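First comes the structure, then the notes that go with it.
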Amino acid sequence: MTPSVAHILGGDPPRVWSFIITIFGDLAREDDRYISSRTLNRLTAEIGVKPEATRVALHRLRKEDWLESAKFGRESHYRLTNKGRKLSREAAPRIYGDTFDRPLWMALYDPGSAAPDGLRILSGMCLVAQEQKGAMNVALDHPLPQWMVGRLVDQDVRSAAKNLHQRLQTLAQISDLSNLERVVLRLSIVHEWRRIILRVPDVPDHVLGDGIALRDLRQSVQHLLAVLSDVSLDHVDDI
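See the structure below:
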């Protein structure tokens, strides 16, 4: 594991099956391309994973209908199933997209009535995308107080976001990395960010305010992914 990758991952290898999902989601979600077992082993070895652990993870992902395999010559190759591709594409806008502003209201409704479709904070209090009949609707034009953010985002996610932002801000120079190292660094950044953003409610970043500094973290992630936007599987296959 290179120092830059260890820095991003916090020194600990991620769950292998989850990292493999990141590999396919980042590098192979837009087409039907296969990735060879040799390439997958090369990528996972860079984060300190042994081939045996990679094989176990691939078996799990096949069993769970994330991946399918085929033999080309004597080597196994893998690609996303229809289910895996669908889930990867659905997650992509949240992982790679910008935050966006859209109207939100705090609906204060009768706790004895059915809750509206939205993000429940307390009984009788919910974030909604449109005004609710029979409720007091307060337009959200300021960040939520931290106690409300705590109701929407688990403490471990808030801590992970803070820690990842610090690690990204202190990442050393990456211009001298090899092609393979650049690919794995990008995958590591995407992986750590994916584990955070997919556990945060899909609301504009400013709504969560300082309770979880998502806007600053997103900007740091997008800057580094832009710097590493030239990487591809070809950089691994050609080595």
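With the numbering used here applied, the sequence shown covers 1444 to 1682. Here a beta-carbon is modelled for each residue, glycine too, at the ideal position from N, C-alpha and C. Because the structure is a prediction, the values reported are computed rather than measured.
Query, Result
"Given that a residue counts as buried once 16 or more other Cβ atoms are within 10 Å of its Cβ, and exposed if not, what is residue 1448?", "buried"
"Thinking C-alpha only, which one of 1633, 1455, 1489 and 1591 is nearest residue 1666?", "1633"
"Just mark residue 1469 as buried or exposed, buried being the case when its beta carbon has 16 or more other beta carbons within 10 Å.", "buried"
"Hey, could you find the ends of the beta strand (DSSP E) residue 1568 is sitting in?", "1568-1571"
"How many angstroms separate the CA atom of residue 1595 from the CA atom of residue 1644?", "7 Å"
"Whose C-alpha, out of 1554, 1565, 1444 and 1587, is nearest the C-alpha of residue 1485?", "1444"
"Compute the distance between the beta-carbons of residue 1553 and residue 1577, then report whether it is under 9 Å.", "yes"
"Counting along the chain, where does the beta strand (DSSP E) carrying residue 1549 start and finish?", "1548-1551"
"So, helix, strand or coil for residue 1661, using DSSP?", "helix"
"For the beta strand (DSSP E) holding residue 1513, just list the boundary residues, first then last.", "1510-1515"
"For the alpha helix (DSSP H) that contains residue 1672, what are its first and last residues?", "That residue, residue 1672, is in no alpha helix (DSSP H); it is neither H nor E in DSSP."
"Quick check on residue 1599: buried or exposed, where buried means 16 or more other Cβ atoms within 10 Å of its Cβ?", "exposed"
"Where does residue 1518 sit, in a helix, a strand or coil, going by DSSP?", "strand"
"Name the two residues that bound the continuous beta strand (DSSP E) containing residue 1582.", "1579-1582"
"What separation, rounded to the nearest whole angstrom, lies between the Cα atoms of residue 1482 and residue 1650?", "41 Å"
"Exposed or buried, what is residue 1628 when buried is set at 16 or more other beta-carbons lying within 10 Å of its beta-carbon?", "buried"
"Cutting at 8 Å between CB atoms, please list the residues of its own chain near residue 1538, excluding the five before and the five after it.", "1468, 1633, 1636, 1637, 1640 and 1641"
"Check this for me: beta carbons of residue 1550 and residue 1591, under 9 Å apart or not?", "no"
"Taking the straight line between their C-alpha atoms, what separation do you get for residue 1503 and residue 1585?", "44 Å"
"Taking residue 1508 as the reference, which of 1521, 1516 and 1575 has the closest Cα?", "1521"
"Taking all protein chains shown into account, do 16 or more other C-beta atoms lie within 10 angstroms of the C-beta of residue 1532, making it buried, or fewer, making it exposed?", "exposed"
"Helix, strand or coil for residue 1479 per DSSP?", "strand"
"Does the distance from the CB of residue 1497 to the CB of residue 1480 come in under 9 Å?", "yes"
"Report the rounded CA-to-CA distance for residue 1669 versus residue 1566, giving the unit in angstroms.", "42 Å"
"Would you decide whether residue 1391 is buried or exposed? Buried here means 16 or more other CB atoms lie within 10 Å of its CB.", "Nothing in the structure corresponds to residue 1391, since the chain is present only between 1444 and 1682."
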